[in-house]
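Heads up: the sequence shown begins at 83 in our numbering, then just goes up one per residue.
From the three backbone atoms N, C-alpha and C, an ideal C-beta is built for every residue, glycine too.
Here is the structure we will look at.
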Amino acid sequence: MLRNTDKSAIGFVVAALVFFFIGGTLTTVVPPLVDKTWAKPFENHDPSKGPTGKLKPYTEVELKGRAIYVRDMFGTKRTGPDLSRVGGKYDRQWHMTHFRNPRDLTPGSIMPPYPWIANNPEEFDSLVAYLQTLGRAKDWRPDNDYEK
Ligand code: HEM
C-alpha cells in the first residue's frame, strides 16, 4: 500500500521528469526551429558578400605565418587570450605596435615583446596574414571588421 508521502514522492519524480523534458526540448529542439541559421553554421549571413563560409586551404604566406606562430609560442600552455577568432579584430598597424611592445597598447601586459618579428617584414607579414585568417570562416563580426 502506498502512503501519502510515497504518493507525493512519486509526484515529485514525475514532475521533475516533466520539467526536465520541457527544459531539454526548449534548449535543444526549439532553437534550431526558430533560428534557421543554425542549420548552416558556416554560411555567411550577408549573401551579397558571397559564400565566404567555405573552408579554404591556407595560402603559402599564411602557412608560413602559421609556422612562425607555432615556433614562437613558448611551451604548450596558453597564457594569453583565445586567438581563435582574432582575425579581422585589429589592423596591421595594431599588430606592429603590439609585437614591438604589447605594453604600449595594454599597460601592464605580461605578453613579451617580439621585436625580431616586428623588425622582419617577411615574418611580420606572414604572421599577420595567418592571424587575420583566424575565425574568418564565418562572418561573425560583420559590423566591426576593420577590413570592411
Ligand atoms: C607568437 C606569439 C603570440 C602572438 C601571435 C600573440 C598575439 C596576441 C594578440 C593578437 C592579442 C590580442 C588578443 C585580443 O585582443 O583578442 C594578444 C593579447 C595577449 N597576449 Fe599574446 N601573442 C603571442 C604570445 C604571447 C605570450 C607568450 C603571452 C604570455 C606569456 C601572451 C600574452 C598575452 C596577453 C596576456 C594578452 C592580453 C592583452 C595584453 O595583455 O596585451 N601572448 N596576443
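{"Asked": "Does the CB of R85 have a neighbour CB from chain B at under 8 Å?", "Found": "No chain B is present in this structure, which holds just one protein chain."}
{"Asked": "How would you label Y140, buried or exposed, when you count the other beta carbons within 10 angstroms and need 16 or more for buried?", "Found": "exposed"}
{"Asked": "How long is the line joining the alpha carbons of K230 and W176, rounded to whole angstroms?", "Found": "Confidence is the limiting factor: at K230 the pLDDT is only 47, short of 50, which leaves the residue's position unreliable, though a coordinate-based value still follows. Each residue's alpha carbon lies about 16 Å from the other."}
{"Asked": "Taking DSSP as the reference, what is the three-state secondary structure of R289?", "Found": "What the structure shows of the chain is the stretch from 83 to 230, and residue 289 is not part of that stretch, so it cannot be assessed."}
{"Asked": "Can you confirm whether the segment 183-190 touches the segment 201-211 when touching is taken to mean that 3 or more C-beta pairs between the two stretches lie within less than 8 Å?", "Found": "no"}
{"Asked": "Sorry if obvious, but does the Cβ on M178 come closer than 7 Å to a heavy atom of the ligand HEM?", "Found": "no"}
{"Asked": "Using a Cβ-Cβ cut-off of 6 Å (strictly less than) and excluding sequence neighbours within five positions of G147, which residues of its own chain qualify?", "Found": "S208, L209, A211, Y212"}
{"Asked": "Taking the CB atoms as reference points, tell me whether G217 and G169 lie closer together than 8 Å.", "Found": "yes"}
{"Asked": "With a threshold of 16 other CB atoms inside 10 Å of the CB of I199, please say whether the residue is buried or exposed.", "Found": "buried"}
{"Asked": "From F101, Q214, Y196, pick the residue whose C-alpha is nearest to that of S166; which is it?", "Found": "Q214"}
{"Asked": "What separation, rounded to the nearest whole angstrom, lies between the Cα atoms of G93 and M193?", "Found": "57 Å"}
{"Asked": "With a cut-off of 8 Å on the beta carbons, I'd call D164 and Y196 a contact; round off their distance for me.", "Found": "With 8 Å as the limit, D164 and Y196 do not qualify as a contact, their Cβ atoms being about 19 Å apart."}
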